[in-house]
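*Asks:* Just so you know, the sequences run in chain order H and W. To convert, note that position 59 of the first sequence is 59 in the UniProt record's numbering; the numbers rise steadily by one, no gaps. To convert, note that position 139 of the second sequence is 139 in the UniProt record's numbering; the numbers rise steadily by one, no gaps. Think of the CB as a built atom: it goes at the ideal place given N, C-alpha and C, for glycine as much as any other residue. Quick one: structure below, then a few questions.
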Amino acid sequence: MSRLQVRKVRRNQTIWPTVMFTKTDHQFLDEITGKPEVKTSLNIPSNSSEFTLPVYIKAAGGKTFLIQMSRDWDVARIKMFIAPKLGLKVEDISIILAGKSLADNLLLEECDLGHNSILNAVKLKVVKKDDAIPTNEKKSGGTPFHQDKPLCETLLDLQLTEEEQKLLHKSLGCSSPEYKQKKAHFYVYCESPCKSVQNGKLRVRCSLCKAGAFTVDRDPCCWDDVLRPEQVSGTCQMEGCDHSWAEFYFKCARHPSQGEMDSTLPLYLVKSNFKHVQCLACMDISDPVLVFQCSSSHVICLECFQQYCLSRLNERRFVFSPNIGYTLPCPAGCENSLIDGTQHFKILGGEQYQRLLHFGAEEYVLSVGGVLCPQPGCGMGLLADPSCRRIQCTGGCEFVFCRDCLQGYHIDECQPNGDGNFQSMLTSTEYVVDPRRAAQAMWDADSRVTIRVTSKPCPKCRTPTERDGGCMHMICTRQQCGFHWCWVCQTEWTRECMGSHWFG
Amino acid sequence: MANIAVQRIKRELKEVLNSDEVARCSIHVELVGESFAELKGEIAGPPDTPYEGARFQLEIKIPETYPFNPPKVRFVTKIWHPNVSSVTGAICLDILKHQWAAAMTLRTVLLSLQALLASPEPDDPQDAVVARQCKDKPQIFHLTAQHWANAYAGGPSINTDYENKIRRLKDLGVTEMNARASLSSCDWDLERATEQIFS
Chain H
1 MSRLQVRKVR
11 RNQTIWPTVM
21 FTKTDHQFLD
31 EITGKPEVKT
41 SLNIPSNSSE
51 FTLPVYIKAA
61 GGKTFLIQMS
71 RDWDVARIKM
81 FIAPKLGLKV
91 EDISIILAGK
101 SLADNLLLEE
111 CDLGHNSILN
121 AVKLKVVKKD
131 DAIPTNEKKS
141 GGTPFHQDKP
151 LCETLLDLQL
161 TEEEQKLLHK
171 SLGCSSPEYK
181 QKKAHFYVYC
191 ESPCKSVQNG
201 KLRVRCSLCK
211 AGAFTVDRDP
221 CCWDDVLRPE
231 QVSGTCQMEG
241 CDHSWAEFYF
251 KCARHPSQGE
261 MDSTLPLYLV
271 KSNFKHVQCL
281 ACMDISDPVL
291 VFQCSSSHVI
301 CLECFQQYCL
311 SRLNERRFVF
321 SPNIGYTLPC
331 PAGCENSLID
341 GTQHFKILGG
351 EQYQRLLHFG
361 AEEYVLSVGG
371 VLCPQPGCGM
381 GLLADPSCRR
391 IQCTGGCEFV
401 FCRDCLQGYH
411 IDECQPNGDG
421 NFQSMLTSTE
431 YVVDPRRAAQ
441 AMWDADSRVT
451 IRVTSKPCPK
461 CRTPTERDGG
471 CMHMICTRQQ
481 CGFHWCWVCQ
491 TEWTRECMGS
501 HWFG
Chain W
1 MANIAVQRIK
11 RELKEVLNSD
21 EVARCSIHVE
31 LVGESFAELK
41 GEIAGPPDTP
51 YEGARFQLEI
61 KIPETYPFNP
71 PKVRFVTKIW
81 HPNVSSVTGA
91 ICLDILKHQW
101 AAAMTLRTVL
111 LSLQALLASP
121 EPDDPQDAVV
131 ARQCKDKPQI
141 FHLTAQHWAN
151 AYAGGPSINT
161 DYENKIRRLK
171 DLGVTEMNAR
181 ASLSSCDWDL
191 ERATEQIFS
């Protein structure tokens, strides 16, 4: 939370200025980098149909071919097809997809491949595994290594507990098409080009050289194996790289692959609703759904989740947690239910997600004793010496203001009505302007009047607060403040307020 | 109205109308207009309370952000209760404020209000005058609440002593409603009530 990128943004609405966090402040997997090495055109060839599939073959030397394959081809046929192009013997070639060397008799359509997917073709290294496996890996065990089956097949049950898997098997039967469809239950938020929640594909690469030509020693058996670094070992098949840690990443399964860089974050709380649980908000049964991490595992549909986040965002009621960042609990009011992967809020959509980042940054600045530049259209977050009342918007609009009343800086006491000090700002210009006329010509005057007439500041944090009914007992809506105050006295709420004018 | 709120209210209405409580005429809900933004609720006074046999009308306003924020509920029928304003009908109940959770429904709200009628909490009052009476003079509180239930909510018990005192004030040109309010807040001391009205 230490790196702040503070940016000038047009002030939205009337009250709140905006600042922004860089993505590095959130625990995203965005850091997964890697250089796109596919240089061939990414357009889907026009003759592609449901029977053929354009697939890239990436050879060890860095050469990449686009091949139109038929979906009923097996791996042996691919090897025969590419052997002459690579100048290798058929028996020396291994085809690697998502951490596994594929068996010769495996059909292409069984491999979870999409348009422009990338297969790696290499000559397998001979590694003495006993030396290569790091010691902690030997102990961890994990699920048995399914030789020669694509990783996607063995990994799909990752999200389900054993009990849930049994239930799914029982209710649908292993071979039914519905079971296969339900099994595809990795979800990702595809920011581009789909801009929506989509099925995801799990992929593996070398965590050092980022090459896809990497074979794993065992299958991952839980989310931690996939999300945390250095959990699963393997062998990098690239010449000159003998790194032995796998790195997992996710891709959107809907759009044609845009290269190895085209990765996205898994929404691990989004699950296939095979149990037909109704949404806690709209009571519909939707699929997929988001399952909260509370002890009751409350279920919400994605549309309601979006609405929930949006209403909390508009009320600035996201909760700050030092380990997670700005997040939300289960709307059923459960204890310990904060969403711990902030990428789930990407479901809000790009624009609203940016707003969340802005608000989060502002709340952070305020919570560490900083101030936001009050100048309309600025809103720069400033961390100034706490003892200093005179604050200059350095690096922003250069406005000099008073920390206490957020008006132009003044030497004497703050004026109760707020904007009495702009006269001192005017005297610093060379023009002589009638202060009264200048007072009528302020761009923001109407907003200020409206705010002053319709709201009262929270006695603790000064957040302009509107009372839209109910009693006089106010609780500051800023999650980080939460001060209990009396609308009449404009001081802390007391028993006395309750006795004499609770209701006005 | 947001689609989710409308959808949700539609389902909740179904839930309420099929519930045992409605079958027993204990609670009732109906739409006001066609927007789903406002409803009319009704609860029966719980047995063994001064409100027994009376029926109370409620105004229910559904916010745009329902069910992620609570509905705004107010008593339309006048009621003498420490947690409800005797003037405006505003209710002091935690689940209608910070303790609201999206899993709660119109049905649970109405049942909670019924429970509130059965067990007033004078230590956390909305109406300070009523709360004081409830704590200090429980007998008078009981009779007053019963009288209000009779006067405004169709409750069965008629209190001729209270009726007479109200008539005395009405003869002096005071409206019935003001007379009842003043007498109630003065523990039915006619002299004090007269003083309060004419001072």
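Specify, as a first and last residue, the run of the alpha helix (DSSP H) that Cys134(W) falls within.
*Replies:* Ala128 to Asp136
*Asks:* From Ala44(W) to Gln57(W), what does the alpha carbon distance come to, in whole angstroms?
*Replies:* One C-alpha to the other measures close to 9 Å.
*Asks:* Alpha carbon to alpha carbon, what distance is there between Leu383(H) and Cys397(H)?
*Replies:* 15 Å
*Asks:* Ser85(W) versus chain H: which residues are under 9 Å apart at the beta carbon?
*Replies:* Cys471, Trp502 and Phe503
*Asks:* How should Lys14(W) be labelled, buried or exposed, when 16 other C-beta atoms within 10 angstroms of its C-beta is the threshold for buried?
*Replies:* exposed
*Asks:* Which residues in chain H sit within 7 Å of Pro67(W), going by Cβ to Cβ distance?
*Replies:* Within 7 Å Cβ-Cβ: Ala281.
*Asks:* From the DSSP output, in three-state form, read off His410(H) for me.
*Replies:* coil
*Asks:* Counting only C-beta atoms, is Gly499(H) closer than 8 Å to chain W at any point?
*Replies:* For Gly499(H), the closest Cβ of chain W is nearer than 8 Å.
*Asks:* Rounding to the nearest angstrom, what Cα-Cα distance links Thr49(W) and Leu117(W) in this structure?
*Replies:* 8 Å
*Asks:* Can you look up Cys486(H) in the DSSP assignment and give me helix, strand or coil?
*Replies:* strand
*Asks:* Assign Ser199(W) to buried or exposed, taking buried as 16 or more other Cβ atoms, counted over all protein chains shown, within 10 Å of its Cβ.
*Replies:* exposed
*Asks:* What does the alpha-carbon distance come out to for the pair residue 523(H) and Leu93(W)?
*Replies:* The shown model of chain H, from 1 to 504, leaves out residue 523(H), and the question about it has no answer.
*Asks:* Determine, for Gln126(W), whether the minimum Cβ-Cβ distance to residues of chain H falls below 8 Å.
*Replies:* yes
*Asks:* Around the C-beta of Ser182(W), are 16 or more other C-beta atoms found within 10 angstroms, so that it is buried, or is it exposed?
*Replies:* buried
*Asks:* At which residues does the beta strand (DSSP E) containing Leu66(H) begin and terminate?
*Replies:* Thr64 to Ser70
*Asks:* So His98(W) contacts chain H; which residues on that side make the cut at Cβ distance below 8 Å?
*Replies:* Under the 8 Å cutoff, chain H gives Ile475.
*Asks:* Tell me the DSSP secondary structure of Asn323(H) in three-state form.
*Replies:* Three-state result, Asn323(H): coil.
*Asks:* Are the Cβ atoms of His243(H) and Leu208(H) separated by less than 8 Å?
*Replies:* Contact: yes.
*Asks:* Can you look up Ile44(H) in the DSSP assignment and give me helix, strand or coil?
*Replies:* Any reading at Ile44(H) must be qualified, since the residue scores a pLDDT of 37, below 50, and its modelled position is unreliable; the value itself is stated next. Coil, per DSSP.
*Asks:* Quick test of the definition: if touching needs 3 or more C-beta pairs under 8 Å, does the segment 307 to 320 of chain H touch the segment 468 to 485 of chain H?
*Replies:* yes
*Asks:* Whose CA, out of Leu267(H), Cys190(H), Arg228(H) and Cys330(H), lies closest to the CA of Phe248(H)?
*Replies:* Closest by alpha carbon: Arg228(H).
*Asks:* I'd like the span of the beta strand (DSSP E) that includes Gln114(W), first residue to last.
*Replies:* Per DSSP, Gln114(W) is not a residue of any beta strand (DSSP E); the alpha helix (DSSP H) it occupies stretches across Leu106 to Ala118.
*Asks:* Looking at the structure shown, is His344(H) part of a helix, part of a strand, or coil, going by DSSP?
*Replies:* Three-state result, His344(H): helix.
*Asks:* Give the C-beta separation of Cys378(H) and Leu348(H) to the nearest angstrom, bearing in mind that I take them to be a contact with Cβ-Cβ under 8 Å.
*Replies:* Wrong, their Cβ atoms sit about 25 Å apart, outside the cutoff.
*Asks:* Check Ile95(H) in the structure and name its three-state DSSP category.
*Replies:* strand
*Asks:* Which chain W residues are close to Tyr308(H), counting only those with a beta carbon under 8 Å from its beta carbon?
*Replies:* Phe68 and Ala102
*Asks:* Taking C-alpha atoms, which residue in Glu59(W), Trp100(W), Ala54(W) and Val76(W) lies nearest to Pro70(W)?
*Replies:* Trp100(W)
*Asks:* With a 10 Å radius around its C-beta and 16 neighbouring C-beta atoms as the bar for buried, classify Cys222(H) as buried or exposed.
*Replies:* exposed
*Asks:* Along the segment 344 to 377 of chain H, what residues have a CB closer than 7 Å to any CB found in chain W?
*Replies:* Listed in chain order, the positions of the segment 344 to 377 of chain H with a beta carbon within less than 7 Å of a beta carbon of chain W would be empty, since no residue qualifies.
*Asks:* Could you give the C-beta distance for Ile9(W) and Ile95(W), rounded to a whole number, given that I count them as a contact under 8 Å?
*Replies:* The pair is not a contact, with the Cβ atoms about 18 Å apart (cut-off 8 Å).
*Asks:* Check the DSSP bridge columns for Tyr249(H) and list the partner residues they point to.
*Replies:* Note: Tyr249(H) sits in a beta bridge opposite Arg203(H).
*Asks:* Exposed or buried, Ser117(H), counting other C-beta atoms within 10 Å across all chains shown (16 or more means buried)?
*Replies:* buried
*Asks:* Can you give me the start and stop residues for the beta strand (DSSP E) that Lys40(W) sits inside?
*Replies:* Glu38 to Ala44
*Asks:* Using Cβ-Cβ distances below 7 Å, what residues of the segment 317 to 340 of chain H are close to chain W?
*Replies:* Pro331, Ala332 and Gly333
*Asks:* Does DSSP put Asn120(H) in a helix, a strand or coil?
*Replies:* strand
*Asks:* If you measure from the beta carbon of Ala179(W) to each beta carbon in chain H, is any gap under 8 Å?
*Replies:* By the rule that beta-carbons nearer than 8 Å mark a contact, Ala179(W) does not touch chain H.
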